[in-house]
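See below for the structure under consideration.
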Amino acid sequence: MHENLRSRLALHVLTDRKWSQGRDTLTVIRAALDGGATVIQLRDKTASTRMLIEEGMALRALTRERHALLIINDRIDVALAVDADGAHVGQDDLPGELARQLLGPERILGISAGNRQEAASAIAAGADYLGVGPIYATTTKADAGKAIGTQGLAELAACYAIPLVAIGGITAENCRAAMLAGAAGVAVISAVVAANDITVATRRLADTLWATHS
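Quick note on my numbering: the sequence shown kicks off at 1 and runs consecutively.
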């Protein structure tokens, strides 16, 4: 595992134009970093490759300045082009083994997993962390599937030592339960990106996570 990765996975903020209230991605992410986000994941299923690279380059500069990780969702080519810290792939994206081969051993690979079979396959493929969920019902990802709850998260945490990042319906009110169930961190979209005050919303999450860790 990458050195100290677990401690750096506390709070992922995923980009999403649909929920950002018309604010541009850099404005949203700058505010999230001000609030304590530790990982930024560039996720945009509709943007052109050129747009993803342009946004990725800008986010790369910003995350380096703020000592945060930059992960690119799905697009290994974009991750390599912008020198991101790594990439995250879902069950319907590029197979984990190929993603690891293309990324090489130095970059971080996250893979989505909702059950033991998917988790075991992801670990065998070389994942550095698993994105586990949806923990709660979510409206930000139409194909997220049925919520597995904190019990499903706890079952995976009991089976595998790999860091687990809880995603799906995570809020400042319920993130503590996910951490107590065994998550190394949480990933959010609407709880931060859709907030009127992004920095305050991120800080509420971060404060709860650090308090749970301590």
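Don't be surprised by glycine CBs; every beta carbon is placed ideally from N, CA and C.
Taking the alpha-carbon of residue i as reference, which of the options has the nearest alpha-carbon?
i, options, result
"Ile162", "Leu14, Thr38, Ala119 and Ser20", "Ala119"
"Val200", "Ala137, Ala37, Thr63 and Gly152", "Ala37"
"Leu94", "Thr49, Leu26 and Ala125", "Ala125"
"Ile111", "Gln91, Leu103, Pro105 and Leu102", "Gln91"
"Ala194", "Thr171, Arg60, Arg50 and Glu97", "Thr171"
"Thr25", "Leu52, Arg8 and Ala10", "Leu52"
Applying the 10 Å Cβ sphere with the 16-neighbour rule, what's the burial state of residue i?
i, result
"Val13", "buried"
"Gln41", "buried"
"Glu54", "exposed"
"Asp44", "buried"
"Arg116", "exposed"
"Pro105", "exposed"
Sorted by chain position, which residues of the same chain lie with C-beta nearer than 8 Å to residue i's C-beta, five sequence neighbours on each side aside?
i, result
"Ile108", "His2, Leu5, Leu69, Ile71, Asp85, Gly86, Ala87, Asp128 and Tyr129"
"Val165", "Leu9, His12, Gly110, Tyr129, Leu130, Gly131, Val132, Ala183, Ala184, Gly185, Val186 and Ala187"
Could you tell me the distance, in whole angstroms, from the CA atom of residue i to the CA atom of residue j?
i, j, result
"Leu62", "Cys159", "36 Å"
"Gly114", "Ile198", "28 Å"
"Asp74", "Glu155", "26 Å"
"Trp210", "Gly35", "13 Å"
"Leu80", "Gly96", "16 Å"
"Ala20", "Gln101", "Checking the sequence, you will find Ser at residue 20 rather than Ala. C-alpha separation (whole angstroms): 34 Å."
Once the 5 residues before and after residue i are set aside, which same chain residues still bring their CB inside 7 Å of it?
i, result
"Ala99", "Ile76, Ala87, Val89 and Leu109"
"Met57", "Val82"
"Ala181", "Thr150, Leu153, Ala154 and Ala157"
In this structure, how does DSSP classify residue i when only helix, strand and coil are distinguished?
i, result
"Ile148", "coil"
"His213", "helix"
"Ala37", "coil"
"Ile170", "coil"
"Leu94", "coil"
"Ile108", "strand"
"Gly185", "strand"
Grab me the residues of residue i's own chain with a C-beta within less than 6 Å of its C-beta, minus the 5 sequence neighbours each way, in chain order.
i, result
"Ala281", "This structure cannot speak to residue 281, because the chain is shown only from 1 to 214."
"Thr15", "Thr25, Leu42 and Arg43"
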